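Notes to accompany the following structure.
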Amino acid sequence: MFGDFNLASPYPAYARLRQGPPLVWDADFCGGAWLVHRHGDVQAALRHPDLSVRRVGGWVSQAGAHPSPRLQTFKGLMARTLVFLDRPRHTRVRRVVNAAFSAKALDTLHGTIEKRVAQIHLGLENKLQHGSADLVDEVCRPLPALVMMDVLGLQQLPLSVFQAWSEQLARFIGQATPDQPLLMDTQGALLDMADFLGNSANLQEGGLAWRLLHDEQLSLQGRRERLAQSCMLLFAGYETSRHLLSSLFQTLLDDCTKQQDLLSNPQKIPAAIKEVLRHDSPIQYTARRLMQDQHWHGQHLRKGQLLLLLLGAANRDPEIFAHPDELDFNRNNQAELSMGHGIHHCLGAGLVQLEARLTLEQFLPLLPRLQLGQGERIQLPAYRGWNRLSVQYRALPS
Numbered sequence: 113m114f115g116d117f118n119l120a121s122p123y124p125a126y127a128r129l130r131q132g133p134p135l136v137w138d139a140d141f142c143g144g145a146w147l148v149h150r151h152g153d154v155q156a157a158l159r160h161p162d163l164s165v166r167r168v169g170g171w172v173s174q175a176g177a178h179p180s181p182r183l184q185t186f187k188g189l190m191a192r193t194l195v196f197l198d199r200p201r202h203t204r205v206r207r208v209v210n211a212a213f214s215a216k217a218l219d220t221l222h223g224t225i226e227k228r229v230a231q232i233h234l235g236l237e238n239k240l241q242h243g244s245a246d247l248v249d250e251v252c253r254p255l256p257a258l259v260m261m262d263v264l265g266l267q268q269l270p271l272s273v274f275q276a277w278s279e280q281l282a283r284f285i286g287q288a289t290p291d292q293p294l295l296m297d298t299q300g301a302l303l304d305m306a307d308f309l310g311n312s313a314n315l316q317e318g319g320l321a322w323r324l325l326h327d328e329q330l331s332l333q334g335r336r337e338r339l340a341q342s343c344m345l346l347f348a349g350y351e352t353s354r355h356l357l358s359s360l361f362q363t364l365l366d367d368c369t370k371q372q373d374l375l376s377n378p379q380k381i382p383a384a385i386k387e388v389l390r391h392d393s394p395i396q397y398t399a400r401r402l403m404q405d406q407h408w409h410g411q412h413l414r415k416g417q418l419l420l421l422l423l424g425a426a427n428r429d430p431e432i433f434a435h436p437d438e439l440d441f442n443r444n445n446q447a448e449l450s451m452g453h454g455i456h457h458c459l460g461a462g463l464v465q466l467e468a469r470l471t472l473e474q475f476l477p478l479l480p481r482l483q484l485g486q487g488e489r490i491q492l493p494a495y496r497g498w499n500r501l502s503v504q505y506r507a508l509p510s
């Protein structure tokens, strides 16, 4: 049912779900899952203490890989990352990494990000002098990668290697049911990432990755848990940020009215970012496993079953958002769930939105001069964004 929805436009499928019951069992998607699509139910599930984020073992089992020491190391690293930890372990680990993404830390990063954006802006303009350019390759992919490398202190890491590792992990996490070749490729990427992050010679002394590995004052238990957090930080925010940036560019280049609205009212930029997050969430769903049997909406849910929390559907729930399919930069979006909710609210949400704001502030004056060409959407069910956005300078009127 749900697994056959159109990746280019999932919202009609969400609208069909809303016409039926609040919980729908899909036997095929993710090997069988309850689809949760109403805003109130998704929000409640995101903060429910009896639902678990642990699901790495399920992914590996579905792929049918043979046990091996490398596979055990891979599973151990993935399972120890913050995004797959339940309380109380999640509380302990999150307390360690929170400081790196606090308001004070973001203030410190502000100037660094501005410089990165300015360099990328200049590089794009230079490329456009010679023809077309791809906004995804020139802006949306390098910026969040470079910023996260700055945050972690990874000046020795080639940008292309960072992107290859992160995008391989995204392909694994973004597939409903990963197969064995995908698992093996992802295993190699994560273990290579851990080898790099575990070598102090690759880390800027005093940087976040160095501190996570070496600072004995941090309440992290063992080398594997320490490495797991650096690995998680290296890829988790990258996907969200690059897809948000690509959606912002596509939205504004496709709608001159919205573009002019922001040019005339730059104070609306933060609200515009929140609205694009709501309207076309970079992360379309997340999942939870039942830790015990429950009755919900008249259905008997069994321990171990999967709940698929459809963030993209919840963000267009007409019970919460008036005219939800419309893009409205004046909307109050405090209820949007793109970055999650509760204890697993995205750690880097503030950084993602800061990158987007500084990018729009720098790039907005350029957009009226650009003509949007061919685009290609990402083909992963868990993500919304663009793999390619071709642009060139508009022809001057004769």
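Numbered as in our numbering, the sequence shown ends at 510 without a single skipped number. Positions of the beta carbon are idealized from the N, C-alpha and C atoms, including for glycine. Only a predicted model underlies this, so the values are computations on that prediction, with no experimental measurement involved.
If you check the CB distance, R192 and A340 come in under 9 Å.
Taking all protein chains in view, the Cβ of D392 is crowded by 16 or more other Cβ atoms within 10 Å, so the residue is classified as buried.
For secondary structure counted as the alpha helix (DSSP H) over 4 or more consecutive residues, the stretch 345-407 holds these complete runs in sequence order: 368-376, 381-391. Between R496 and E488, the C-beta spacing is not below 9 Å. Looking at the backbone, the Cα of R401 and that of A125 are separated by about 23 Å. Note that the C-beta distance between L324 and S342 is below 9 Å. About 7 Å separates the beta carbon of S278 from that of E351, a gap short enough to meet the 8 Å contact definition.
Considered as a whole, the stretch 420-502 harbours 423-426, 461-475 as its complete alpha helix (DSSP H) runs of no fewer than 4 residues, in chain order. In the pairwise beta carbon analysis, the stretch 285-305 is classified as not touching the stretch 232-250: fewer than three pairs are separated by under 8 Å. Separation of L303 and T185 (C-alpha to C-alpha, rounded to the nearest whole angstrom) is 8 Å. Closest option to A461, judged by alpha-carbon separation, among E473, E448, E250: E448. Q131 sits in coil when the DSSP states are folded into three classes, being neither helix nor strand.
Y397 is positioned such that its CB atom lies no closer than 9 Å to that of G416.
Shown here, V148 sits in a strand according to DSSP, grouped into three states.
Counting the other CB atoms within 10 Å of its CB gives R335 a total below 16, which places it among the exposed residues. A contact between stretches requires three or more CB pairs, one per stretch, nearer than 8 Å, and the stretch 294-310 fails this requirement with the stretch 154-170. Contact between the stretch 141-155 and the stretch 427-435 is present: 3 or more CB-CB pairs across the two stretches fall below 8 Å. Counting only the Cα atoms, G188 lies some 16 Å from H178.
Assignment of alpha helix (DSSP H) within the stretch 240-266, counting only whole runs of 4 or more residues, yields 254-264 in chain order. In the three-state reduction of the DSSP assignment, Q287 falls in the coil class. If the five residues before and after L492 are omitted, its C-beta is found closer than 6 Å to the C-beta atoms of G286, all from its own chain and listed in chain order. Taking a contact as a CB-CB distance under 8 Å, the pair E473 and P378 counts as one, their CB atoms being some 7 Å apart. Its Cα nearest to that of A145, the residue L413 stands out among G452, H456, L413. In the three-state scheme derived from DSSP, where H, G and I count as helix and E and B as strand, D153 is classed as helix. In the three-state reduction of the DSSP assignment, V195 falls in the helix class, which pools H, G and I. DSSP, reduced to helix, strand and coil, places L418 within a strand of the structure shown.
Excluding sequence positions up to five before and after Q275, its CB lies within less than 7 Å of the CB of R253, A257, all in the same chain and listed in chain order. Under a 10 Å Cβ-count criterion, D367 is classified as exposed, with fewer than 16 other Cβ atoms of the shown protein chains found around its own Cβ.
When A399, M403, I381, S359 are compared, the shortest CA-CA separation from L484 is found for S359.
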